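Residue numbers (the UniProt record's numbering): 1 to 496. Think of the CB as a built atom: it goes at the ideal place given N, C-alpha and C, for glycine as much as any other residue. Computed from a prediction, not measured in an experiment: that's the story for all the values here.
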Ligand code: CS2
């Protein structure tokens, strides 16, 4: 590694010609966007759209300052600082072609655990016009039973009592908006980029719950002044591996400690509702619409739910990656049938989108052999994903008398997975979930009460009380606990 060129601003001109790089003057940029949660997805999506826009139009006011609020963000902060906030996007096509380019839209990074007031100051800076978020489904601190801000979280109590040194993103947003109001500055837009239905509406509701409890007058100002556009975001971005780092070093002779790998497909559909201006992302492929609902429902219920179907069934079967599942004919046909028979009938028509084509494209995207999206990533935090991706489809089908069995098997398989923590061959499955213990404790009671897992209200709502669902679910539980080879059941459901 010693003789490798380090990825840095001053070395950009020495990179091999086939590596794309910013042609705009990074020294002239101001950070109009402050982004909380700089992980792979932000760096393959919003930061890339913004990079392309600066490249195309020469705009200089929308660079991004990254924010990390957790100790686990320290490594990203250090890597990016060393690399002048540059990183490489490795776009892998299904035919093996790879396009590499250095992204320059990030220009700074503030680590909240080191300096909380620096985060507030940055958000309250006159240059900041948008604060965007990828804090994952769990980061919204929603109490699943009430749908409101969860004040029982000790960090929330801390934030209420210590407005100047918060821990949760909502505490920071409130403090920064207070400062802007007091300084006579316009509010910023809060733009969620997470995979949540009506992500803007949810952010608004949760922020207002919190702000109201802390300072009702400020909450009123936020209500009047801040906009929260809903958006649908999409780009499959697997976890970066050593192999990605080595590929850049071995093929192009430079060292990037944290590149991002992704598929070529990229989509962003946004409601055009910004309180303090916005980048012209439409110039580089984003779509501005007045109502994002049909796009987000389509994506969550087909793509994300499709991932969860493969992720959970595939894990206990012993598959390792999404493309590995799709290559298995049984899994591919189960996925397509789930999408056609259970998910699609719950969707409204989407202007300009042919759903059959959308599903064909999805299966092609999932099958991209170079992406190697691991099932561990898909199954991460399932307890906050399934209530958004899969359970609404089940509820809609229960209401409309539609099919529920393909989804029910996924729920039963998730119970088995949470109970045993191994695949059908006994290989350990690592479970990473905020509710890991709760899930495990409920699942391991299945022998005593077959519905014990399903009774977890904060995940499944009232599903256990629905007789039709409970009956189908118990059938699946019985079959799976008798023979954990899930392919037998999958075959049976497909042929019934
Ligand atoms: C995945 C998503 O987390 C998941 O379970 O379904 O991360 C998915 O890859 C992205 O939403 C694609 O846009």
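Buried or exposed for residue i, please, with buried defined as at least 16 other CB atoms from any protein chain shown within 10 angstroms of its CB.
i           : result
residue 157 : exposed
residue 243 : exposed
residue 333 : exposed
residue 23  : exposed
residue 46  : buried
residue 118 : exposed
residue 234 : buried
residue 159 : buried
residue 408 : buried
residue 196 : buried
residue 154 : exposed
residue 425 : exposed
residue 16  : exposed
residue 393 : buried
residue 152 : exposed
residue 488 : exposed
residue 378 : buried
residue 147 : exposed
residue 360 : exposed
Among all the DSSP beta bridges, which residues are the ones paired with residue i?
i           : result
residue 232 : 269
residue 142 : 149
residue 460 : In the DSSP output, where bridge partners are listed per residue, residue 460 has none listed.
residue 100 : 90
residue 262 : 91
residue 288 : 270
residue 108 : 65
residue 374 : 321
residue 6   : 255
residue 555 : The question about residue 555 has no answer, for the chain in this structure spans 1 to 496.
residue 428 : 422
residue 277 : 275
residue 20  : 101
Keeping to the same chain, check which residues put their C-beta closer than 7 Å to that of residue i; ignore five residues upstream and five downstream.
i           : result
residue 397 : 342, 346, 403 and 404
residue 553 : Examination of residue 553 is not possible in this model, given that the chain is present from 1 through 496 alone.
residue 494 : 333, 334 and 337
residue 29  : 60, 63 and 107
residue 516 : Outside the shown range of the chain, which is 1 to 496, sits residue 516, and nothing can be said about it.
residue 223 : 208
residue 96  : 370
residue 9   : 26, 84 and 86
residue 111 : 68, 73, 74 and 77
residue 166 : 116, 159, 172 and 175
residue 350 : 294, 295 and 298
Here's a check: name, in chain order, each residue in its chain whose Cβ is nearer than 6 Å to the Cβ of residue i, leaving out the five neighbours to either side.
i           : result
residue 144 : 458
residue 384 : 137 and 138
residue 80  : 109
residue 186 : 276
residue 129 : 32, 188, 276 and 277
Alpha carbon to alpha carbon, how far is residue j from residue i? Give it in angstroms, no decimals.
i           : j           : result
residue 436 : residue 445 : 15 Å
residue 432 : residue 58  : 42 Å
residue 25  : residue 55  : 10 Å
residue 272 : residue 73  : 31 Å
residue 381 : residue 434 : 6 Å
residue 468 : residue 289 : 38 Å
residue 132 : residue 423 : 38 Å
residue 33  : residue 177 : 15 Å
residue 280 : residue 478 : 54 Å
residue 127 : residue 282 : 22 Å
residue 100 : residue 261 : 9 Å
residue 500 : residue 36  : This structure leaves residue 500 out entirely; the chain is present only between 1 and 496.
residue 254 : residue 5   : 4 Å
residue 415 : residue 452 : 9 Å
residue 293 : residue 239 : 28 Å
residue 455 : residue 142 : 19 Å
residue 50  : residue 88  : 15 Å
residue 373 : residue 237 : 8 Å
residue 295 : residue 115 : 38 Å
residue 191 : residue 170 : 13 Å
residue 448 : residue 307 : 31 Å
residue 376 : residue 320 : 8 Å
residue 410 : residue 322 : 15 Å
residue 348 : residue 257 : 43 Å
residue 427 : residue 486 : 15 Å
In its own chain, which residues sit with a C-beta less than 8 Å from the C-beta of residue i, not counting the 5 before and 5 after it?
i           : result
residue 466 : 398
residue 364 : 94
residue 12  : 21, 22, 86 and 102
residue 212 : 219
residue 201 : 228 and 230
residue 326 : 310, 332, 335, 363, 366 and 367
Using a Cβ-Cβ cut-off of 8 Å, state whether residue i counts as contacting chain D.
i           : result
residue 448 : This model lacks chain D altogether; it includes just one protein chain.
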